[in-house]
Amino acid sequence: MTTAGNPVPTTATRAAPERPDRINLLGLTRARLENYFQEIGERPFRAVQLLKWIHQQHVTEFSTMTNLSKALRTRLEQDAAIQLPEIVSTHESIDGTTKWLVRVASGNCIEMVFIPDEPRGTLCISSQVGCALNCTFCSTARQGFNRNLSSAEIIAQVWLARDLLENGVANKRAITNIVLMGMGEPLLNFDNVVDALDLMLEDNANGFARRRVTLSTAGVVPRIDALRQRCPVSLAVSLHAPNDRLRDELVPLNKHYPIRELLAACRRYVQDDAREKVTFEYVLLDGVNDSPTHARELAALLADVPAKVNLIPFNPFPQSGYQRPPPQVIDAFRDILMGKKIITITRKTRGQDIDAACGQLAGEVQPRSRRMRLRKAASAAPTGRATVTLGAERLQS
Ligand code: SAH
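The letter at position 98 of the sequence shown is residue 93 when you use our numbering, and the numbering goes up by one with no holes.
See the structure below:
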């Protein structure tokens, strides 16, 4: 047994030494692997064999891949590798939630979380080191942004968690759902996230049903449309406010993509499937966005959107400047939405004792520049109005 909140040093991570001279096959989709094999003069069906070895058998040594020819195994050993990041520590909550700190290249660490909730087991993974969006109530934002994760670093989280949870001898726990709700804004790392999603869904790799994988976004509108074209997994949108004035303040990205445009993209996202709904996440902040008027405004806003609402009572972190509303306020907010026939669930807080709840993931994010270091230092104190930076990318609508 582990004590709640205490890090447990982990040894069984099979982290391969970094080999920058070799191509890492871990993050390559079926199509990219087929190209790779064609380029080295092999038949494309090798891609499926390799996907199964890596993602289903969890084999990382080419020498063990017995259905590949001896010559091909030797070639792969020279040119390629299957490289996984290392798990630095494991934290177990009294409620069964587990959080892992994962060291990725360039001296950073990200966090991933497993939340068991019979019959489900949800794995929450990260898409970036830190985050550039500056949502005022989120502790990841305080870390600043360092870089995008590669497709290998994203799918590695699924690989590692499955290895630890499903391949263990005792106490096996299945991952039934994956949510991209950890550190980062997935739609600002679009190409790598979509490659990793392909590997989550691909039958010869992880084989998750589309609906069991959820991408959560603060609302990068053009990329919502692109996701729909490319890989329409379940969509969750972090709304948090029922009008632009308040949302501009809480989610500064709203100044680029206001609510009307965001909801139009959400309607387009689900228009081809009458059963599908967008999940709207709404963090309840005491005295900020939690009044009956806000609830009625939200209900009116969502009246013509196929929507489910997930209310998330604010999870506190030091010097956030916000508080969680009392339970009766949360219930009253929910009842108003339900009264307007909007499916509404109040999310249970999980893993709070190990800082694994929504918005508490921080990892270890290296400052990118002097400016970032200053900003990080400044944000140790309660901040005023945040400004939006889109990090590595600037988007055009
Ligand atoms: N950038 C994406 C993915 C992060 S998901 C997005 O914004 O959707 C993390 C979810 O937890 C989001 O809905 C986020 O708004 C919410 N969250 C952030 N900080 C929180 C906090 N302190 N308490 C509760 N929920 C929080």
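Built from N, CA and C at the ideal position, the CB exists for glycine as well. None of these values were measured; they are calculated from a predicted model.
Say yes only if the C-beta of residue i is nearer than 7 Å to one or more non-hydrogen atoms of the ligand SAH, and no if none qualify.
i, result
"GLN323", "no"
"ILE307", "yes"
"MET107", "no"
"GLU180", "yes"
"CYS226", "no"
"SER211", "yes"
"SER229", "no"
"ASN187", "no"
"GLU244", "no"
"VAL278", "yes"
"PHE312", "yes"
"LEU258", "no"
"HIS251", "no"
"PHE328", "no"
"PHE275", "no"
"CYS261", "no"
"MET333", "no"
"HIS235", "yes"
"GLN355", "yes"
"LEU222", "no"
Of the choices the options, whose alpha-carbon is the least far from that of residue i?
i, options, result
"PHE309", "CYS130, ILE120, ASN62, ASP90", "CYS130"
"ALA100", "PRO114, THR135, ALA147", "ALA147"
"ILE299", "ASP158, PRO322, ALA259", "In the sequence under discussion, the amino acid at residue 299 is Asp, which differs from the Ile named in the question. Nearest option by C-alpha distance: ALA259."
"GLN187", "VAL283, ALA204, CYS226, VAL216", "This sequence places Asn at residue 187; Gln is not what is there. Residue CYS226 is the option with its Cα nearest to ASN187."
"ALA236", "LEU230, VAL228, LEU245, TYR31", "LEU245"
"LYS47", "ALA127, ARG142, LEU63", "LEU63"
"ASP326", "ALA290, PHE312, PRO301, GLY22", "ALA290"
"ASN201", "LEU241, ARG157, VAL216", "ARG157"
"PHE185", "PHE203, THR212, THR85", "THR212"
Exposed or buried, residue i, counting other C-beta atoms within 10 Å across all chains shown (16 or more means buried)?
i, result
"ARG345", "buried"
"GLU113", "exposed"
"ASN162", "exposed"
"THR274", "buried"
"ALA372", "In this prediction, ALA372 scores a pLDDT of 49, lower than 50, which makes its location untrustworthy; the coordinate-derived value is nonetheless stated afterwards. Exposed."
"ILE254", "buried"
"ILE110", "buried"
Output the boundary residues of the alpha helix (DSSP H) element that contains residue i.
i, result
"GLY334", "322 to 334"
"ILE337", "That residue, ILE337, is in no alpha helix (DSSP H); it is neither H nor E in DSSP."
"VAL278", "Taken as a continuous stretch (DSSP letters only), VAL278 belongs to no alpha helix (DSSP H), being part of the beta strand (DSSP E) at 273 to 279."
"VAL216", "216 to 225"
"LEU153", "Residue identity check: residue 153 is Val in the sequence provided, not Leu. Element bounds for VAL153: 146 to 161."
"ALA26", "25 to 34"
The beta strand (DSSP E) with residue i in it runs from where to where?
i, result
"ARG98", "93 to 99"
"PRO111", "103 to 112"
"LEU234", "Premise fails: LEU234 is in no beta strand (DSSP E) and is neither H nor E."
"GLN123", "123 to 125"
So what does DSSP say about residue i, is it helix, strand or coil?
i, result
"PRO181", "helix"
"ILE77", "coil"
"GLU292", "helix"
"ARG345", "coil"
"PHE140", "strand"
"ARG255", "helix"
"LYS250", "helix"
"ALA269", "coil"
"ILE170", "coil"
"GLN318", "coil"
"LEU45", "helix"
"CYS119", "strand"
"LEU210", "strand"
"HIS86", "strand"
For residue i, is the beta carbon positioned less than 7 Å from some heavy atom of the ligand NAD?
i, result
"MET195", "The ligand NAD is not among the ligands present in this structure, which contains only the ligand SAH."
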